[in-house]
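Heads up, the thing below is written out as structure tokens.
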Amino acid sequence: MDLRTRMERRRRDTDGLVVDYEAISPAAHVAEPVGRGPVFETLLDHLDPVLDGDLPPDAYVWGPPGAGKSAVITALFAHLPPRRSRVGAIVHTATRPRPDRESPVSFVYVDGRTATTDFGLYHAVLDGLVDESVPTQGVPTEALVERLRDTLAPPSRRAVVAVDHVGEPETYSLSALADRLDGLSDSLAWLAVGRTHPTDLDTPAKPVELPVYDLGTLADIVTSRAMSGLDAPVLTHQQCRDIAAWADGNAHDALAALFAAADRATDCGQSTVTDATLGRALDEVPRGAVPLAQVLTLPPNRQRVLRALLEVDSDDRASVDSTADAIAADVDLSAGTVRRYLYELADDGVVERVRADGPTSGRPPSRVEPRFPTRVFRRLHGRGAPA
DNA sequence: GATCCACGGGAATACACGGATG
DNA sequence: CATCCGTGTATTCCCGTGGATC
Numbered sequence: 000m001d002l003r004t005r006m007e008r009r010r011r012d013t014d015g016l017v018v019d020y021e022a023i024s025p026a027a028h029v030a031e032p033v034g035r036g037p038v039f040e041t042l043l044d045h046l047d048p049v050l051d052g053d054l055p056p057d058a059y060v061w062g063p064p065g066a067g068k069s070a071v072i073t074a075l076f077a078h079l080p081p082r083r084s085r086v087g088a089i090v091h092t093a094t095r096p097r098p099d100r101e102s103p104v105s106f107v108y109v110d111g112r113t114a115t116t117d118f119g120l121y122h123a124v125l126d127g128l129v130d131e132s133v134p135t136q137g138v139p140t141e142a143l144v145e146r147l148r149d150t151l152a153p154p155s156r157r158a159v160v161a162v163d164h165v166g167e168p169e170t171y172s173l174s175a176l177a178d179r180l181d182g183l184s185d186s187l188a189w190l191a192v193g194r195t196h197p198t199d200l201d202t203p204a205k206p207v208e209l210p211v212y213d214l215g216t217l218a219d220i221v222t223s224r225a226m227s228g229l230d231a232p233v234l235t236h237q238q239c240r241d242i243a244a245w246a247d248g249n250a251h252d253a254l255a256a257l258f259a260a261a262d263r264a265t266d267c268g269q270s271t272v273t274d275a276t277l278g279r280a281l282d283e284v285p286r287g288a289v290p291l292a293q294v295l296t297l298p299p300n301r302q303r304v305l306r307a308l309l310e311v312d313s314d315d316r317a318s319v320d321s322t323a324d325a326i327a328a329d330v331d332l333s334a335g336t337v338r339r340y341l342y343e344l345a346d347d348g349v350v351e352r353v354r355a356d357g358p359t360s361g362r363p364p365s366r367v368e369p370r371f372p373t374r375v376f377r378r379l380h381g382r383g384a385p386a
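For the first sequence, numbering that gives the first Met the number 0 begins at 0 and goes up steadily by one.
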């Protein structure tokens, strides 16, 4: 991001203690992740064959939630430009291409949370490879596959495709992903990113582990984000360490807590974050919650349902049905659709159903409780996709 | 006209409980 | 006492429809 857009955003965002919500957002990644140098080295070594015009083997980057998997992969692929090619501009020569002159390998990052169908997956890969616009509807999936094969046909082009968030409830499993990509072309290598230990997955892909952050590194991350997103020193170094200790290695949770603390302090008109405010902020961030980025990449109507859920009176939340009725009155959807969304969101862990006391007869109803950092969502929802 | 996908709606199934039955 | 059954509600599953796009 250049200086001007950054200044512009700061002016727009300045709000109490917070000068840049994006900078403290648990759903946003920075260009230079803190404390992940060794993993970068490992991944660069892995990609080494690209320098000779070859493809690396398929790989699987894995680690626990909040270990910085997405942070590392997005930063890495941001440094490896996609080298888009125009289909009509491929120069066919009688001689072999000179791989030592310029790497013909393209790098494409795909967010598995938005590419959840075959069509969506192929569309995302193709869209990252070519300049021309790729149809979003109206063409059969097979047409995209054909175009991908053409684009990757020798001698023109090779690609390394990173697919993030593999193995979540709504995303491709590693085996399903491999199934889609392996048969596509010999000119494509993939790099999947997920949480599950590779021995539980039966994959030939080369594993690359991201261990959980240690306390010191996580404290550095919190401090660094606080410095770029908050006004002056509103948090003490000790408070940053407290947040890191509370988060227990999970950078997402740490940043959600930092965000919640700054936002809460702002609401209270405080000029610094007091220990009491920090304590209450930590209490309101659910542990082991769904990552905010997952919530913010849900389809728009589902996000609207979640936003409306936060405003439903306690009285109306006695059952899924009454909650859906209350939300449907607020959002332009039928109660039936809202009800189905709530059950689906509960299935994905975005909300939780908890048994409630209901009428004496029949199966007892459930209350619907958010399982994501609601204060952060409230603030970031509708501000556009995370960078 | 073909295609993908979000919505809407409803059928099928699961669950909880009280009361009947053996 | 253990089990079965009926009733009422919650939850899951599935498919048709229509908008948007090509």
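C-beta atoms are modelled at their ideal positions from N, C-alpha and C, and glycine is treated no differently.
- Residue pairing from DSSP places Glu-368 in a beta bridge opposite Glu-351.
- With a beta-carbon spacing of about 16 Å, Val-49 and Val-207 fall beyond the 8 Å limit used to define contacts.
- In the three-state scheme derived from DSSP, where H, G and I count as helix and E and B as strand, Val-17 is classed as strand.
- For Glu-208, the three-state secondary structure derived from DSSP is strand.
- Taking 8 Å as the upper bound for CB-CB distance, Thr-115 and Val-129 are not in contact here, some 22 Å apart.
- Relative to Arg-279, the option among Trp-245, Tyr-342, Val-289 whose CA is nearest is Trp-245.
- Assignment of alpha helix (DSSP H) within the segment 287 to 312, counting only whole runs of 4 or more residues, yields 291 to 295, 299 to 308 in chain order.
- Linking Asp-163 to Ser-360 through their CA atoms gives a straight-line distance of about 46 Å.
- Put simply, the backbone Cα of Leu-254 is about 10 Å away from that of Gly-65.
- For the pair Asp-329 and Arg-316, the Cα-to-Cα distance works out to about 14 Å.
- Leu-173: member of the alpha helix (DSSP H) spanning 173 to 181, first to last residue.
- For the 8 Å CB-CB criterion, Tyr-171 and Gly-67 do not form a contact.
- According to the DSSP assignment, Val-60 belongs to the beta strand (DSSP E) that extends over 58 to 61.
- In this structure, the straight-line span from the alpha carbon of Ile-23 to that of Arg-112 is close to 22 Å.
- Here DSSP, grouped into helix, strand and coil, assigns Asp-163 to strand.
- In the assembly as shown, His-236 is an exposed residue. Its beta-carbon has fewer than 16 other beta-carbons within 10 Å.
- Under DSSP, Trp-189 shares a beta bridge with Val-160.
- Scanning Leu-42, Arg-35, Ser-321 for the CA closest to the CA of Leu-217 turns up Arg-35.
- Between Leu-344 and the set Gly-228, Leu-295, Asp-314, Gly-52, the nearest pair of CA atoms involves Leu-295.
- If you check the CB distance, Asp-262 and Arg-370 do not come in under 8 Å.
- Counting C-beta pairs with one atom in each stretch, the segment 308 to 326 and the segment 184 to 200 have fewer than three that are closer than 8 Å, which means they do not touch.
- Here the C-alpha atom of Ala-175 lies approximately 37 Å from the C-alpha atom of Arg-362.
- Sorting Arg-354, Thr-322, Arg-306 by C-alpha distance to the C-alpha of His-380 places Arg-306 at the top.
- Assignment of Leu-234 by DSSP, reduced to helix, strand and coil, places it in the coil class.
- Between the segment 25 to 34 and the segment 192 to 200 there are fewer than three C-beta pairs closer than 8 Å, too few to call the two in contact.
- When the five nearest sequence neighbours on each side are left out, the beta carbons in the same chain lying within less than 8 Å of the beta carbon of Val-107 are those of Phe-76, Pro-81, Ala-123, Val-124, Gly-127, Leu-128, Ala-158, Val-159, Val-160, Ala-161, in order along the chain.
- Val-337: not part of any beta strand (DSSP E); member of the alpha helix (DSSP H) spanning 334 to 346, first to last residue.
- Between Leu-277 and Gln-238, the C-beta spacing is below 8 Å.
- Per DSSP, Asp-110 is one residue of the beta strand (DSSP E) stretching across 104 to 110.
- With three or more CB-CB distances shorter than 8 Å, the segment 286 to 295 counts as touching the segment 340 to 356.
- Between Val-272 and Ala-264 a beta carbon distance of about 4 Å is seen, short of the 8 Å cut, so the two are scored as contacting.
- Put simply, the backbone Cα of Glu-169 is about 13 Å away from that of Gly-119.
- As for any beta strand (DSSP E) of minimum length 3 sitting wholly inside the segment 104 to 149, the runs are 104 to 110, ordered along the chain.
- Buried is the label assigned to Leu-234, since at least 16 other Cβ atoms lie within 10 Å of its Cβ.
- For the 8 Å CB-CB criterion, Leu-200 and Leu-183 do not form a contact.
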